[in-house]
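Structure record follows, encoded as structure tokens.
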Amino acid sequence: MITGFGVTVAVSAALVAVWAFVSAARGREPGRALLVALGVVEVLIFAQLVVGVVLLVAGDRPHSMVTYLAYLVGSLVILPVGAAWALAERSRSSTVILGVACLAIPVMVERIHQIWGAGHG
3 MITGFGVTVA VSAALVAVWA FVSAARGREP GRALLVALGV VEVLIFAQLV
53 VGVVLLVAGD RPHSMVTYLA YLVGSLVILP VGAAWALAER SRSSTVILGV
103 ACLAIPVMVE RIHQIWGAGH G
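This note's numbering puts the first residue of the sequence shown at 3, with every later residue one more than the last.
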């Protein structure tokens, strides 16, 4: 995996999480700008998935293929599920849901890199 890109994904998600938590503290529902920011993070996560698949096709292999693929695909699903839940509720707590979903992304990215690195150590 490309470490710099993983850091970009993780930091972007963390920044959007902070934005969501600050919005929730101010009593705001998820706004359009926050949802657009989630979309940007989701595009970055999708790009990470593409990079991961390209590396697999090129012949590189992680330590545990199943776990690696589960984290790659799982990270792609977290934000849409969080956004669907938040949009169904539309309250201050739904903004917190988006923040929590965003906080899960850096954890997932770190695990992806750990699993990948274990196969190349």
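Beta carbons: idealized from backbone N, C-alpha and C, even for Gly.
{"Check": "For the candidate residues Pro-32, Ala-49 and Val-79, whose alpha-carbon lies nearest to that of Gly-6?", "Outcome": "Ala-49"}
{"Check": "Are Trp-1 and Leu-37 closer than 8 angstroms when you measure CB to CB?", "Outcome": "Examination of residue 1 is not possible in this model, given that the chain is present from 3 through 123 alone."}
{"Check": "How would you call Gly-84, buried or exposed, if buried means at least 16 neighbouring beta carbons within 10 angstroms?", "Outcome": "buried"}
{"Check": "Where Gly-41 and Gly-8 are concerned, what is the direct C-alpha to C-alpha distance, given to the nearest angstrom?", "Outcome": "17 angstroms"}
{"Check": "What is the rounded straight-line gap between the Cα of Ala-86 and the Cα of Leu-58?", "Outcome": "31 angstroms"}
{"Check": "Measuring alpha carbon to alpha carbon, tell me which residue in Val-102, Val-11 and Glu-91 is nearest Glu-44.", "Outcome": "Val-11"}
{"Check": "Out of Ile-107, Gly-61, Val-53 and Gln-116, which one is the CA nearest neighbour of Ala-15?", "Outcome": "Ile-107"}
{"Check": "Quick one: is Pro-82 near chain D, going by C-beta distance under 8 angstroms?", "Outcome": "Of the protein chains in this structure there is only one, and it is not chain D."}
{"Check": "Please report the distance separating the alpha-carbon of Leu-71 from that of Ser-93.", "Outcome": "34 angstroms"}
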